[in-house]
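Written out below as structure tokens is the structure these notes cover.
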Amino acid sequence: MWFMHDGAPAHFSIVVRNHLDATYPGRWIGRGGPVAWPPLSPELNPLDFFFWGHLKSLVYQTPVDTLEDLAARIAVASANIANTPVMFERVRRSLVRRCRLCNELRGRNFEQLLSKFLVVSFLTFNSLSVL
Numbered sequence: 001m002w003f004m005h006d007g008a009p010a011h012f013s014i015v016v017r018n019h020l021d022a023t024y025p026g027r028w029i030g031r032g033g034p035v036a037w038p039p040l041s042p043e044l045n046p047l048d049f050f051f052w053g054h055l056k057s058l059v060y061q062t063p064v065d066t067l068e069d070l071a072a073r074i075a076v077a078s079a080n081i082a083n084t085p086v087m088f089e090r091v092r093r094s095l096v097r098r099c100r101l102c103n104e105l106r107g108r109n110f111e112q113l114l115s116k117f118l119v120v121s122f123l124t125f126n127s128l129s130v131l
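Below you can see the structure in the form of structure tokens.
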């Protein structure tokens, strides 16, 4: 198993890096780690480019009234995502495309090039989920 952090200042402390070195020796990605993760590069992380936004859209379809309601919605939305295998295939394809673009552009920003691809993927996924 690998661990990846976002490079936030609190995650860069020596205490955190020592813990990661002990817990994930040679297998953590982040600022100051054995595998560097470029700053401001969420476009290659499926949690950032897909999961959190999709989860939020499911949870907040209507206003949330209480913390208990919020917790219940998060659980239901997470189960919904976990029980939709076609969604994982869609995310996998998007990750492959993003990696190819990142390589082609030698690490430069490429999110602006994904908009056409994302619209096509979204429409394809929605038509599959109706079937």
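UniProt numbering puts the sequence shown at residues 1 to 131.
For each residue, glycine too, the CB sits at the ideal point set by N, CA and C.
Pairwise C-alpha distance: residue j and residue i
i: Met-1; j: Thr-84; result: 24 Å
i: Glu-68; j: Val-91; result: 30 Å
i: Ser-94; j: Leu-105; result: 16 Å
i: Pro-9; j: Thr-62; result: 34 Å
Under the three-state DSSP convention, the category residue i falls into
i: Trp-28; result: strand
i: Phe-51; result: helix
i: Phe-3; result: strand
i: Val-76; result: helix
i: Val-64; result: coil
Contacting residues, own chain, Cβ-Cβ under 6 Å from residue i (five flanking each side not counted)
i: Leu-55; result: Ala-77
Cβ neighbours of residue i in the same chain (closer than 7 Å, five flanking residues each side left out)
i: Phe-12; result: Arg-31 and Gly-32
i: Cys-102; result: Leu-44 and Phe-110
i: Leu-58; result: Ala-77 and Asn-80
Any non-hydrogen atom of the ligand GTP within 7 Å of residue i CB
i: Leu-55; result: By its list of ligands, the structure shown contains no ligand whatsoever, and the ligand GTP lies outside what it can speak to.
Residue interval of the alpha helix (DSSP H) (run including residue i)
i: Pro-85; result: 85-104
i: residue 134; result: No answer is possible for residue 134: the residues shown for the chain start at 1 and end at 131.
Neighbourhood of residue i by C-beta, 8 Å cutoff - its chain only, sequence neighbours within 5 removed
i: Asn-4; result: Going by the sequence as given, residue 4 is Met instead of Asn. Closer than 8 Å at the Cβ level, and outside the excluded window around Met-4, lie Trp-28, Ile-29, Gly-30, Trp-37 and Asn-45.
Minimum Cβ-Cβ distance from residue i to chain C less than 8 Å
i: Ile-14; result: Considering every chain present, this structure includes no chain C. It has just one protein chain.
Answer yes if the stretch 7-25 comes into contact with the stretch 80-96, meaning at least three C-beta pairs across the two stretches below 8 Å, and no otherwise. no
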